[in-house]
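Scroll down for the structure; my scribbles are underneath it.
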Amino acid sequence: MNIEDDEKYSLVLEYAEGGTLGKYLRDDTITLKWENQLKFAKEITSAILWLHVDKGIVHGDIHPNNILIHKDTIKLADFGRSCQRESECYNTEVWGVLPYIDPKMLEELVEPFPNINQVGQKLPYKPNEKSDIYSLGVLFWELTSRLPPFDGLGDDIIMLKILNGLREKPVPNTNVKYNGLYKECWKQEPDERPHISKVNEVLNIIDSENNNLSTVPYYKEGEESIVHSCQIVLNKLSQKL
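Here the numbering used here = 1-based position in the sequence shown + 49.
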């Protein structure tokens, strides 16, 4: 096949009946429990782990509409901006969905070529593995909030907030370690963000602790004792009144 071919070609892809993760998260008829949020986070992380570690590929455009769901399983899609590691990511054009873009990429719009090498040459910031990690952090927050980051704000305001290091607030009653993990992922400085292997490790720890909590035996006798004590206190209070 070449540029001058008149033939029409088709590409057959796997069908994902669940649609995009973005659509899934906004569907109020779907109940998304913590166990499922964690499951999705682990599956997305596994996909990125495979890309970064096994294949040396930077995805470059991670956001909910580039993630598909098929039979309650995550499928990472759209590799149009992918490249082989940082050294081969020649395209430095800022591209993607604003809230998920590496802040260092956004800085290019404000101050082109802010990075300086050892001999004083100004260099463009290239998409790299830590760019994917930043996007992943924002995505982890969205799994618990089910809302777009900075929902309702204009692009100028969103960009200003991100460049100033501002992020969304954690959703109340979310797992503390999970909150801490995505806060590490969306740090402003790429070198301060964890490697994907570390992200995977922490998620496995959270999952293990979650499973241990779910197997704690339920002691009905203890509950009955507490209820009985409360009834005694209430009876005494009513007598005084």
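A virtual CB, placed ideally from N, CA and C, is assigned to each residue, including glycine.
| Check | Outcome |
| --- | --- |
| For tyrosine 267, three-class secondary structure by DSSP | Here the model assigns tyrosine 267 a pLDDT of 45, short of 50, so the residue's position is not dependable, and the following value carries that caveat. It is coil, neither helix nor strand. |
| Lysine 218 (DSSP reduced to helix, strand or coil) | coil |
| Cα-Cα separation, proline 239 to proline 173 | 14 Å |
| Touching by the beta-carbon criterion (3+ pairs, under 8 Å), the stretch 206 to 220 and the stretch 119 to 131 | no |
| Burial state of asparagine 260, where buried means 16 or more other Cβ atoms lie within 10 Å | exposed |
| Supposed contact pair histidine 119 and glycine 71 - C-beta distance, whole angstroms, cut 8 Å | Rounded, the Cβ-Cβ distance is 15 Å, inconsistent with contact. |
| Same chain, Cβ closer than 7 Å to leucine 155, neighbours up to 5 away in sequence not counted | Val143, Met208, Ile211, Leu212 |
| Glutamate 56 versus isoleucine 245 - alpha carbon distance | 42 Å |
| Whole-angstrom C-beta distance between glycine 105 and arginine 134, which should lie under 8 Å | 5 Å |
| When Asp181, Val251, Asp121 are compared against isoleucine 79, the one with the closest alpha-carbon | Asp121 |
| Cutoff 7 Å; reference alanine 65; Cβ partners in own chain excluding five residues on either side | Leu117, Ile118, His119, Lys124 |
| Cross-strand partners of histidine 119 (DSSP beta bridge) | Thr122 |
| Close beta carbons around leucine 202, own chain, < 8 Å, minus the five adjacent residues each side | Lys210 |
| Integer-rounded CB distance, given that lysine 226 should sit under 8 Å from valine 187 | The Cβ separation is near 18 Å, so there is no contact. |
| Alpha-carbon to alpha-carbon, leucine 196 and leucine 230 | 19 Å |
| Tyrosine 149 and serine 184 closer than 8 Å at C-beta | yes |
| Secondary structure of isoleucine 211, DSSP reduced to three states | helix |
| Buried or exposed by the 16-neighbour rule on C-beta atoms within 10 Å, applied to isoleucine 97 | buried |
| Helix, strand or coil at valine 107 [DSSP, three-state] | strand |
| Same chain, Cβ closer than 6 Å to glycine 145, neighbours up to 5 away in sequence not counted | Asp110 |
| Bridge-paired residues (DSSP) for cysteine 132 | Val107 |
| Euclidean distance between Cα positions of asparagine 85 and asparagine 115 | 19 Å |
| Sequence-distant residues of its chain with Cβ nearer than 6 Å to aspartate 103 (five each side left out) | none |
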